[in-house]
Structure formats: C-alpha cells, structure tokens
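Undergrad:
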Amino acid sequence: MNDALTRPDGAARVLDAKGLPTYAFGNRSVMWWGTMGLMAIESTVFALAIVCYFYLWTRIDRWPPGVPPPALLWGTLNTLILLVSVWPNQFTKHAAERRDLRGVRIGIVVSLAFAAAFLGVRVLEFSALGCRWDTNAYGSIVWLLLGLHTTHLVTDAYDTGVLAVLMFTGPLEGRRFVDVSENAFYWNFVVASWLPIYAVLYLAPRVL
Amino acid sequence: MSALLPAGPQAAHVAALWDVMLVVTGIVFVAIVAATIVAVARARRGAADAPSDAAGATAGEQRSHRIIWAAVLASTVLLAGLVVASAVTDRALASLPTDGALRITLTAHQWWWEATYEDGGVHDRFTTANELHIPVGRPVLFTLAASDVIHSLWVPELSGKKDLIPGRVAPHAWRADRAGTYRGVCAEFCGYQHAHMALLVIAEAPDAYAAWAERQRQPAAEPADDAAKRGRDVFLTSTCAMCHAVDGTTAQAQRAPNLTHVASRRTIAAGTLANSPANRAAWIADPQAIKPGANMPPHALRPEDARALFAYVDTLQ
Amino acid sequence: MSVATTAVTPPSAHEPERGHAGARIVNALATVDHKRIGLRFIVTAFAFALAGGVLSGLVRHQLAAPQSTFLGPDAYDQIFSMHGTTMMFLFAVPVMQGMALYLVPLMVGTRNIAFPRMAAYAYWMYLAGGIFVYAGLLLNIGPDVGWFSYVPLAGPQYGVGKRSDFWAQLITFTEVSSLLIAISVITTAFKLRAPGMSLDRIPLFVWAMLVTSFMIVFAMPAVMLASTELLLDRLVGTHFFNPSEGGDPLLWQHLFWFFGHPEVYLIFMPALGMMSPIIATFSRRPVVGYPAMVLSLIATAFLSFALWVHHMFATAIPELGKTFFTAASMMIAIPSAVQIFCWIATLWTGRVRLTTPLLFVLGFFVILTLGGMTGIMVASVPLDLQVHDTYFVVAHLHYVLIGGAVFPLLGAVYFWFPKITGRLLSERLGRWHFALLFVGINVTFFPMHQLGLDGMPRRIYTYAAETGWGPLNFVASVGDMITDVAMLLFAVNVVRSLWRGAVAGPNPWDAATLEWAVASPPPSPNFDEPPIVGGREPLWDAGGIAGRVRGLAHEPPEALVTTVVDALPDHRYALPQPTLWPLVSALATTALFVGSVFTPWAVVWGAVPVGAAMTRWFWPRRWEYRQRIAVERSP
Amino acid sequence: MNASRRMLPVCCVCVSLCACEREARTFPAPSPPPVPASQEIAAPARTAPPASGPNEKNAYAMSEGKRLFHWYNCAGCHAEGGGDKGPALMDDVWIYGSAPENIYATIVEGRPNGMPAFAGRITPEQTWQIVAYVRSMSGLVASTAAPGRDDAIAAHEPESRSERKPPKDAAPPAPTP
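What follows is the structure, given as structure tokens:
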C-alpha cells in the first residue's frame, strides 16, 4: 500500500497537506487514542481491584464476614440509570458527528440530568453498603471499589458539564465536536466498567 | 557460614544444583562474550565515511539467520534443561523424610527468635530463644510464625530460607547430617535491628541433645548465695519481670526471651555478643548502645542492685 | 496567581525570541516543545541519579568495615531506601521516557509529541514528586523500609510517622507522570508517523519505546492501587493488609511485584531500543533480523507480566505455582537471547567502528549477560531460596540494571549528545569514562556474589567482624569509589563539550534514522516539510526519503495525522500551543497529594483547584480559536 | 512580594520544626538511678515528675507508648481504652486530671481502687511514652503524630482519627472502706 506514495519514476514526490481536513472522528483522531490510553489504565485498575476482592475472599471462609451483602435496591436502580443513560449519550455522540449543534445541546443537557440522577443514587448506595471502610478487609475493598468508580462518575459528570457550558457559550469549532464525541465514548466506558463492579459487589456474595 | 558448604541434605541438593548452574551459565557467558569479541575483532574496520551497504549480501544474511536460529534453539534447550534440573531439585527438597521429626515452633519477633520445643508430651515442652540445639541425623519440622512484621529464617549450611509472615503459619523442615555450630540470620528487612537478629543452630549427637533438652526443661536453680538471692528480688521487682520470664519464679511475661537458662547459651542479644558475665553486664546496663532501637530499655537500678542482678543472672545456667 | 491570567502572547513556533528575562522564564515554564520537555526529564533524572549515587556512596562507606559507627540504623535505613527509590522511580524510568520524548517525534518524522501539554504536566508532576520526597529525607521523613516497602513493616503499626506515606505518595507522583508520557508516546508512534513509515519501517528505538509504553500502561496501575491501599490503611484505618481483620501482607507483595517485574523490564526495554541504532550505525549496516527483534521486544513485554512471583519464592505459596514461575522466568531469557544473537550477527557481518557509544554497547554484552546468567540462577526456586534477599541478589540486580540499562543509556548519551547540543563529546574522555566505569562496576558488584553465598543478608546497616564479610565489603567500597571517579569524568566531559566540543553537523555518525536529517540541535518545529519515508533506513536507502509534505501551517503549528498500519496521510492536527496551565494544574495536584498525606479531607478540598486549573487548561482561548477556525476544513 | 518572601523561610522553618519533632527517633540513654541508697528495695520511688516529655508531638514515642500499653497489660483493666475494671481512657472524663503530669503520677504512684504503682518497674522514658499514648486515645495530641490502626482486631478508630474530646476533670470517687 505504501508504495503508492513513491512515484514509479522515483522522483521526489510532494504531498500537499493543504487539502486534508483539520479534524476527524473515531479512531482517526488523536483524541480517541488519548482517551483509549486512559481507559486502558483505568480498566487495569478496576480489574486489579476486583482481583483484590476475590483474593481477600480466599482468605476468609465466610464471605462477607460479619456483615450482610450490600442492599440490592440502590445498586440495581443505579445500574439501570447508568444503562439508560447510554441512550442520550449516544444521541449526543451522533449529533456531534453530524455537527448538529442543537442536537448536541439537547443531548448533553439530558446526559447531565442522568449524571445528577446516578450521583444522587450513588450517595444512597454508599449508605446501603452495610459496612464501613474500617469494619474489616471486606468493608475496605468494597468501599475502595465503589469509591474508585464514583471518582470516575464525578470526573465524567464534571467533564460533561464543562463541555455543556462550552457548547452553549464557548468558541465553537470542529474539534470541539470531536471532544463531545470522545467524552461520550468515555461515558460509555464508565458505564461498561460499572457492570463487572456491580456483579462483584452485589451479586457475587449472594451467588457464589 | 556459606551456602556452598552444606551440612544437611537440603543445602546439599541446592549446592549440587548450584554447581550445574554455574557450569552451564559459565559456558554460555564465555561463549557470548567470546562471540562478541571475535565479531568486533574480525569485522572489517569501517572507515568513518565508508558508505553503508544497506542491502547487505543476501547470501551472508541467510547464513546469519541460520546461525541465529541455531543459537536460539541451543539456548532454549539449555534453558529447558535448567528448568528440569530445578524441578528435580525441588522434588528432592520436598521428599525429605520427616517421620520421627523433632517439632519446634519458631516465632520471629522484632529482633529475636523464640523457639518452643514440642519434643514428646505436653509437659516436655520448653521455650528458649536465639539458640537451637538439634540432634544430628534426626529431621527437624518447624512451624514458622511471626508476631509483628515479616522475617525470614535462613541457615545457609542447612537449608534455603523461609519467610515468617504474620497471620500465616508455614511448615519448614531440614536435617543436620554433620555436627557443628551453624549461624543463621534473618533475611527479610524487619526494622532497626534486622542486622542483629542472628540464630545459632548447634547440631550435636542425639544423647548430647537429650541432655541439653533435659536441662532446658528444669526450672531455674534456687540461687545459692545471698547476693544472687537479692539479685532475684531485684529482677522480680524492677523492669526485668515486666517482659522476661524465668521458669520457677513468678516472672512469666512472654514479651521478651525466656531467661531460665540464659547463662548457658553461647551468645546473647540474638547472636550479637558472645555470652560472658562482662558482656551480659554491658548488655543489661545499656542495650541501646549495642542494639539501638531494640525494645529493651536501659535499667534504672542503683549500682549495688545492678551488681546483685548480674550475680543472679550468672546463676541462670 | 496573577501571572497566569495574563494571556500569554504565543512565541513564534520557532526559537523563543530573546525577550527580557521575565518573558523568557514564562516561555520556559509554558513550553510544549517535546525537545525542551524531554531534555528536562533527562537532566533532572541525571540530577536525581547523582543524588542516588551520593546515597550509595554513604551506604558503601558504612559497610566498608565491620561494626562501623558512621551511620546508625535509623539514618542507614532512610539512606538505602532512598537510594533504591531514587534510582528506580526518579532516575531509571524518567530518563528513558525523557529520551523517548526527545527522540520519538524526530525519528517518526513529525513536529511534536501527540499531547505536548500533558507531557509538560507530567514533567512538573515528576519534578514535584522528586522534590517532595527529598524534602522529606532532609526533614527526617525519608522512607525507611526499602524501595518496595513491604507491609506490615510499612503498615500503620510498625511504619511510624509519615515516612511510608511520603514513599507511597511519591509513587503516585511518578506513576501519574510516566503513565501520561506513555500515552503520548503510544499515540505519537501510532498516529503521527511520517507518510510511508508503515509498521515494518518503524525504527527499532521507537518500537522499544512503544512496547515500553504499553508495559507502563498495564503495569503502573498495580503499584498505584497498592500505594493507595497502603495510604488508606495508614490514614483512615482500612484493613487491606491487616491479617487480624481479613487482610493479608502477601496482597501487597502480589500487587507490588505484579508491577515490580514489568518495571525492571520497562527500564531494560528502552536500553534495547538504544542498542540497535548504535550497533547499526557503527557496523555500517542495518540490524540483522528486524522482525525477530520486534517480536522479541513484544514477547519480552508479555512474558514480563508472568514472572512476578519469583520475588516471593521464600513465602508460603504452593510449590507447584512456584515451578510455573521458574519456567516463565527462564523462558524470558530467550527473547533477550534472540536480540543478543542478532546484534552479534550484525557486528560480525558489518564494518565495525570502535567509538565510545559502541564501547558502552560492548560493556552491555559483558555485564548484562553476566547479570542474565545470575538471573537464570535466581529463577530456579531451590537456588533462589539460598540467595534471595542476600547480596547475591544485590549483585544480580546491579549487573542487570547497570549493565542492561545504564551502559546503553550512557552509550546513547554519547551517540545523541551531538544531535541534542550540536557538539560532540570527547572520545578520549569517553574511553576513559568507559574503562573506569567498567572496572568500577565489576570491582564493586562481583564480590557481592560471594558475599551473598557467604550468608550476608540485604539491608543490614553493620555486621560483626567474625562473619568474615569485611574484606570483600572493603573491595566493593573501593570499587564504588572508582565508579564515582568514572562518573565524575563523564560530568567533566559533558560540561566541557557544551562549550569546547567539536561542532557536529546534522549527521556526525552517518546514521540512518530521520532525527539525523535535521540540524543539530533541531529547530523547534523539527521538520518545516516533514519527509515521506520510502524505506526502513531513510538516510541510507536509495529512495529512503521519497518526498516532502507541504502545506502544514506554522501558525498554528500543524502535524500530519496518518493511519496506524500503513501511515497514509489522514488529516491535519493543530498542535496545542504553549500555556502555563499545565504548571498550575501540577501545582494544584501537588497540593492535593501532599495535603492528603496529612488529612484525607485534602482529597475533597484539593480537587476544587485541580478541577478549576484543568478546566482553564482545556478551555480554548480566543486567539488560538481564531487561528484554527481560519484554516479549518471539516472531513 | 517581599511579605511573601519573608513568609516563605518562616513557614519552611516551622514545617521542618514540627516535622523534626514528629519524626525523631530518640533511643533512651541509661538515666542515673533516682532513689537514694538508704531506701530499701521495693519502696515506690518518690520521684518528682520531670517536665512533660517531648512526646506529645513525637510519633515514635506514641507508637512505643501503644506497644507498651499492650505489653504491660494496661488493656487488662482498661480494655482498648473503653474501660473495664479500670476507668475508660478514650472519653473526656478524667478522675485525676488529664495533664501529662497527672497521668505520669497516676502510673508511677498508682491510684486507689486497683491502679498499681509502677515506680521502678517502668523506666521514666517508657512512662512518658505511655502517658503520651493515653492522651492520644481521647484526641488530645497532634493527630498527624498519633498512631494509626494496629495489625490487630479493630477495637476502635485509630487514635489518629479520634477527634479531640476536651477533658472534664471529675471529682475522684470516695475511696472504698
């Protein structure tokens, strides 16, 4: 394929970059690779935290030790909210890729609403865990897992908030739509990374 | 004190593996260094501006590839061989017969070793510190535990090291086939006095061991002269009894080494000082000068009380 | 922060103009030029290496004779812990990433690193971490439980005061820094290559840094999680490592070494990347077996994640598990063997020119190979049980790290110094430096093998005379002094050559890769007209540089984004402009990290300034927006 | 600008001061014998309590105090500070006063209703370390220097997390006949 760039007669070829676009969506854009890098790091952290959870499980015969497993209500509700939040998120992503400013503005505001919803429910989730971080090793790893994911929820909601303000006020150019698209891509990762954590925190003690 | 002068089967297996490894890796090392030197020496000296023949003779290239493949194959075979040798040694180590073993529970503390001999019935148990006497030819089965941080038991002449980890109990076995005094160390960094946490293992004939064990089981002898008697009172009413135990007296604290037969040991302060009246006095007077950071405070006794205490400690044979 | 709000008028993309001192300082603090940031990483890392060297001098002075009272246990513990922590976290990884920051964009033929502002932020975080932990050492809060800080000694009960907190927080600083650089290097290597540089034409140094960056992305999170758990245990009373409440001290060792072993390989990997161009250049021919070299790098990377338990052979882990790790630890020698054989074949069939860089490479062949041999020995469970945590392992790790990473690094400094500064280092001083260092390293560390077999454990601040360890320790201390003299010679050579070194043109060694196609030192946007690559050795192959890319703007500076596999031109990417906000964000993050050592609430309140600074960093500025909108073309 | 230039060295000094105090490891030197020769052995030493040790801000001293609190079996009567036969130590009620000298006197001379006199059995340095730890149980010391959790079953929040409970000096109970 790359021979197409060298002319058959071997003369030095000139590529005029003036004609090329100045931004692109998806994995063509440099932003996508940066976001993918952060996602790789965070998923490694989540995976290792889950490994810690099961490692500590092997150290104790009765799990969870001395406390009931976390109440299902708020966790399951939050999982639903997160899953449904993918819909406005995807809507925003496609609007951004169409560079439809009005669509992006609507989508991003609805996404913010969902963000507020799941952050609120997350506070209730913490109270329904049934243990403190310093009750025992189980309490520590449960609070660590939920805390790690909550940090990502907060940063994700904050990023979406900043982008929303930018969409309504700031100077708009093509690459800002790429930012909105990447933020939606990261949002989906935060939702996707919650599913195994939900399964580990809420279902594993009941099922395994 | 050397891992290459084994006095037991465990260390002997490893010493044998060491010889194999040394020979094989030595040959490979010499081969690679020789190849490098020859390659550099015989390669045509390139003048600074000699044009680089980027294409390179293809025939020569093929030959290089074949040689490299051969060398890689040889390395893989050698490595596989070493893995097998290691696994065989591992199996040999694991197959040490432990029937009729002498059972010792070894607990590591910050900066000394507590050994409880469970040889025979419950009433035959006795506790000593920093010095193990073991019968030659009879396997010893340790139960290793740590009371504070991670330590590691290592007596090079007898066996590889084994960590003592708080919250876990680990089995460890070895056997001494040659009589002698073997010095062991703590091999895992464990705080200020990690450097002075040695352990003396004295392998001796079974009857000598039995005599020693019998002596260890006896409580402390009643002090004869009145200086020693007064020393015992000082021991029981000052800082000593808060941590140390002497069987046969009311001092039964378990936080520090058992002193019932301390005067009969070859070293004191976990192998730091040779055991002599002068060293004992110096150690009791100011332990922080010898082992700064150790958990033993300097005593606050009047000189005559101190002298009586030293006299009493001398009687704890 | 009044300084930051004044809108910084952008210096032209070329050399920052000679404004008055204040403007030059602001430009220096706001720079996003990958060369200036890369050079800062390298110089700062060598400064920390000097500090680590001084600490090792103190250690050797203390151990030169039995029962020495030069240092007490408390001081010695802090010194040897800081020596290890400095060399691993503040020297080895940052200096390799600094070389990558400087060279990768030049070698792939682009104008800047992919995320230059993030690279600037990463440098400030690295610098802040180094200052933070060295301030701790001077205030008697230096880490004192070794560079891997085993729990429970580093735990809340036995790790007294804030020393282990300072160590754990240093990990957070340096890991954030190296993770961000890793992402930048990966994105640059994949997306900003010159057109025509397909995957099989990427220089071997760039391959090495790419693979290293992937290892960083998947290894560093393990130690970040471990240090976070340690901080939580120490500050808010969680029980990750408390055996009485369900925790386990071995969880720390698993997490740390899952990072620890890839860490030593990701220090070794860039050195492999530096060896290939040096050997190719001074053998006057490309390295034999390019695909084999690349596949060995990748194989080493994968295998390095399967070895970590060989650091824990002495713990109570099932024997069968350990044998697997013996096999894996020995098998990782094969990819390295492939590379060494390919290099020897290159030298064998090339026309060798014995210059100082090549001397250091030959030093690698001797010292690293010896370290590799002892590595194979400690890979075996029974043998490791005899030598683990003794001076045999101290000898092994220094042979592998100094032979495997420092020698190629010094060779690389001699090789690329002309490109970075425009002046050659003196060959005469270079040869003396090599000879003294080679002798010093061997005299210092070879006796330690015997000391280890004689039962000398690691990390002891003194030893009794009757142990018989005195003479060999004295020899090691003498060797350390020879090493100090050698490194002093190196410093003299560098300082002298900055002014009186021979002027080096664009390509003093007639090397093959793209960084030698630009002036020395390279102008700020590297390539006015980025090249189109026609072969694996652009400056050697006939059609190597097959053309030029025109039309990339200078205001704003643009780079050409190309596809991953075949590097076909895709779109123009306006590179971020200099700004002070990465520095401000780094200061805010430092305040958060330092505060969180003293009170957990610092994490909550510290997040506000960090969020504000990063929002201001992200927010597009009017003059940047006007520049970009002028040249914008949608896909 | 010059104000902050003066402020910088000042706060550096005070940071280093409090850091030095918190992190110093002072291993005790042998102290001269306190009791005059004529006294017979077991009499509790009538010692004037020396000034309060520097232990309030020293992490090593309080960590040693916590170790000694368990080694010398203070927990036998005071439990983990919650109180048992002996009074609670982590609350704000102080029968004999909460000042370091009061606690020092309580340990050395003992108190009615079962508190033994440890004069001569615990060295002065160790006594001051225990005093500092006892005060840290109710948050009366610098929280950055107070000990963290123990590698033991968690009886209570670590001392570094216990908030400050201003001491109320209650009247001593009437000694039982």
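Chains as they are written, first to last, in numbering that gives the first Met the number 0: chain C, 0 to 207; chain E, 0 to 316; chain B, 0 to 634; chain H, 0 to 176.
Positions of the beta carbon are idealized from the N, C-alpha and C atoms, including for glycine.
1. According to DSSP, is Arg-632/B helix, strand or coil?
2. Count the other CB atoms, across all protein chains shown, that sit within 10 Å of the CB of Cys-10/H; report buried if there are 16 or more and exposed otherwise.
3. Chain H beta carbons: is any one of them nearer than 7 angstroms to that of Val-159/B?
4. Three Cβ pairs or more, each shorter than 8 angstroms: is that satisfied between the segment 501-510 of chain B and the segment 164-174 of chain B?
5. In whole angstroms, what separates the C-alpha of Trp-347/B from that of Phe-45/C?
6. Would the beta-carbon of Val-532/B fall within 7 angstroms of that of Met-196/B?
7. Which same chain residues end up closer than 6 angstroms to Tyr-390/B when comparing Cβ atoms and leaving out the 5 residues on each side of it in sequence?
8. Tell me the rounded alpha-carbon separation between Gly-184/E and Asp-206/E.
9. Is there a Cβ from chain E that is less than 7 angstroms from the Cβ of Thr-84/B?
10. For Pro-8/H, does the count of other Cβ atoms within 10 angstroms reach 16, so buried, or fall short, so exposed?
11. Indicate the three-state DSSP secondary structure (helix, strand or coil) for Phe-208/C in the structure shown.
12. Only counting the same chain, and skipping five residues up and downstream in sequence, which positions put a Cβ closer than 6 angstroms to that of Asp-76/B?
13. Can you name, in chain order, every residue of its own chain whose Cβ lies under 7 angstroms from the Cβ of Val-13/C, other than the five neighbours on each side?
14. Are the C-beta of Phe-26/H and some C-beta of chain E separated by less than 7 angstroms?
15. Starting from the beta carbon of Asn-26/B, find every residue of chain H whose beta carbon is closer than 7 angstroms, and list them in chain order.
16. Which residues mark the beginning and the end of the beta strand (DSSP E) in which Lys-161/E is found?
17. Need the endpoints of the beta strand (DSSP E) that Leu-559/B sits in, please.
18. Taking C-alpha atoms, which residue in Ile-26/E, Phe-234/E, Ile-133/E and Phe-188/E lies nearest to Leu-258/E?
19. In or out: Glu-536/B buried (at least 16 other Cβ within 10 Å) or exposed?
20. Just to confirm, are Ile-366/B and Tyr-398/B a CB contact at a threshold of 7 angstroms?
21. Can you pull the chain B neighbours of Arg-167/E, defined as C-beta to C-beta under 7 angstroms?
22. Write down every uninterrupted run of the beta strand (DSSP E) in the segment 370-405 of chain B whose length is 3 residues or greater and which is fully enclosed by it, in chain order.
23. Taking 7 angstroms as the threshold (C-beta atoms), are Pro-556/B and Pro-529/B in contact?
24. I need the boundaries of the alpha helix (DSSP H) containing Gly-272/B, first residue and last residue.
25. In this structure, how does DSSP classify Gln-9/E when only helix, strand and coil are distinguished?
26. Going by other Cβ atoms of all chains shown within 10 Å of its Cβ, with 16 needed for buried, is Cys-239/E buried or exposed?
27. Rounded to a whole number of angstroms, what is the C-alpha to C-alpha distance between Pro-334/B and Pro-290/B?
28. Among His-64/E, Ala-197/E, Asp-304/E and Met-241/E, which residue has its Cα nearest to the Cα of Leu-272/E?
29. Taking Cβ-Cβ distances below 7 angstroms as the criterion, which residues of the segment 180-197 of chain B are in contact with chain C?
30. Might you give, ordered along the chain, the residues of its own chain that have their beta carbon closer than 8 angstroms to the beta carbon of His-155/H, omitting 5 neighbours on each side?
31. Please report the straight-line C-alpha distance between Leu-152/C and Pro-93/B, rounded to a whole angstrom.
32. Residues of chain B with a CB under 7 angstroms from the CB of Trp-17/E: which are they?
33. For Gly-129/B versus Phe-40/B, is the C-beta distance shorter than 7 angstroms?
34. Entirely within the segment 186-210 of chain E and at least 3 residues each: give me those beta strand (DSSP E) ranges in chain order.
35. Can you give me the Cβ contacts of Asp-540/B inside the same chain, cut-off strictly under 7 angstroms, excluding the 5 residues immediately before and after it?
36. Is it the case that the segment 33-45 of chain C contacts the segment 234-248 of chain B, given that we only count it when at least three CB pairs across the two stretches are under 8 angstroms?
TA: On the basis of the coordinates in this document:
1. Reading the third sequence from its first residue, position 633 is the one you call residue 632/B. Looking at Arg-632/B - three-state DSSP - the assignment turns out to be coil, as it is neither helix nor strand.
2. Taking the first residue of the fourth sequence as 1, we reach residue 10/H at position 11. Per the 10 Å Cβ criterion, exposed.
3. Within the third sequence, residue 159/B is the residue found at index 160, counting from 1. Using a Cβ-Cβ cut-off of 7 angstroms, Val-159/B counts as an interface residue toward chain H, since at least one Cβ of chain H sits closer than that to its own.
4. no
5. The sequence position of residue 347/B within the third sequence is 348, counting from 1. The sequence position of residue 45/C within the first sequence is 46, counting from 1. When rounded, the distance between both Cα atoms is 49 angstroms.
6. Position 533 of the third sequence, counted from the first residue, corresponds to residue 532/B. Position 197 of the third sequence, counted from the first residue, corresponds to residue 196/B. It is a contact, given that the beta carbons lie within the stated cut-off.
7. For this step, residue 390/B is matched to residue 391 along the third sequence. Answer for Tyr-390/B: Met-447, Leu-450, Gly-451 and Met-455, listed in chain order.
8. For the purposes of this step, residue 184/E is taken as residue 185 along the second sequence, with counting starting at 1. For the purposes of this step, residue 206/E is taken as residue 207 along the second sequence, with counting starting at 1. This sequence places Val at residue 184/E; Gly is not what is there. So the alpha carbons of these two residues sit roughly 27 angstroms apart.
9. The residue labelled residue 84/B in the question sits at position 85 within the third sequence. Thr-84/B does not count as touching chain E.
10. Walking along the fourth sequence from the start, residue 8/H turns up at place 9. Under this definition Pro-8/H is an exposed residue.
11. Residue 208/C is absent from the structure shown; chain C starts at 0 and stops at 207.
12. For the purposes of this step, residue 76/B is taken as the residue at position 77 of the third sequence. Excluding its 5 nearest sequence neighbours in each direction, Asp-76/B has C-beta neighbours in its own chain below 6 angstroms: Asp-143, listed in chain order.
13. In the first sequence, counting from the first residue as 1, residue 13/C sits at position 14. Once the five neighbours on either side are set aside, Val-13/C has no close Cβ partner at all.
14. Along the fourth sequence, one-based indexing puts residue 26/H at 27. So yes, Phe-26/H belongs to the interface.
15. The residue labelled residue 26/B in the question sits at position 27 within the third sequence. Residues of chain H passing the Cβ test: none, with the nearest at roughly 21 angstroms.
16. Taking the first residue of the second sequence as 1, we reach residue 161/E at position 162. Note, Lys-161/E: beta strand (DSSP E), 161-163.
17. Counted from its first residue, the third sequence places residue 559/B at position 560. That run of the beta strand (DSSP E) goes 557-561.
18. By 1-based counting over the second sequence, the position of residue 258/E is 259. When only C-alpha atoms are compared, the closest one is Phe-234/E.
19. Looking up residue 536/B in the third sequence gives position 537. Label assigned to Glu-536/B: buried.
20. Mapped onto the third sequence, residue 366/B falls at position 367. Mapped onto the third sequence, residue 398/B falls at position 399. Contact: yes.
21. One-based indexing of the second sequence puts residue 167/E at position 168. Within chain B, the residues near Arg-167/E are Ala-315.
22. The beta strand (DSSP E) runs lying completely inside the segment 370-405 of chain B and spanning 3 residues or more number zero.
23. On the third sequence, position 530 is the one that residue 529/B refers to. On the third sequence, position 557 is the one that residue 556/B refers to. No, Cβ-Cβ distance for Pro-529/B and Pro-556/B is not below 7 angstroms.
24. As a position in the third sequence, residue 272/B is number 273, starting the count at 1. Unbroken alpha helix (DSSP H) run through Gly-272/B: 248-282.
25. Position 10 of the second sequence, counted from the start, is the residue given in the question as residue 9/E. Helix.
26. On the second sequence, position 240 is the one that residue 239/E refers to. Cys-239/E counts as buried, since no fewer than 16 other beta carbons sit within 10 angstroms of its beta carbon.
27. On the third sequence, position 335 is the one that residue 334/B refers to. On the third sequence, position 291 is the one that residue 290/B refers to. The alpha-carbon atoms of Pro-334/B and Pro-290/B are separated by roughly 12 angstroms.
28. Here residue 272/E refers to the residue found at position 273 of the second sequence. Of the candidates His-64/E, Ala-197/E, Asp-304/E and Met-241/E, the one whose C-alpha sits nearest the C-alpha of Leu-272/E is Ala-197/E.
29. Ile-182, Ile-185, Thr-186, Phe-189, Lys-190, Pro-194, Gly-195 and Ser-197
30. The sequence position of residue 155/H within the fourth sequence is 156, counting from 1. If we look at His-155/H and ignore the five residues flanking it on each side, its Cβ neighbours are Glu-79, Gly-80, Gly-81, Met-89 and Ser-161.
31. Taking the first sequence and counting its residues from 1, one reaches residue 152/C at position 153. Taking the third sequence and counting its residues from 1, one reaches residue 93/B at position 94. Using only the alpha carbons, I get a separation of about 31 angstroms.
32. Here residue 17/E is taken as the residue at index 18 of the second sequence, counted from 1. Simply Leu-382.
33. As a first step, residue 129/B is located in the third sequence; it is residue number 130 there, counting from the start. As a first step, residue 40/B is located in the third sequence; it is residue number 41 there, counting from the start. No.
34. 198-203
35. Taking the third sequence and counting its residues from 1, one reaches residue 540/B at position 541. Excluding its 5 nearest sequence neighbours in each direction, Asp-540/B has C-beta neighbours in its own chain below 7 angstroms: Gly-533 and Gly-534, listed in chain order.
36. no
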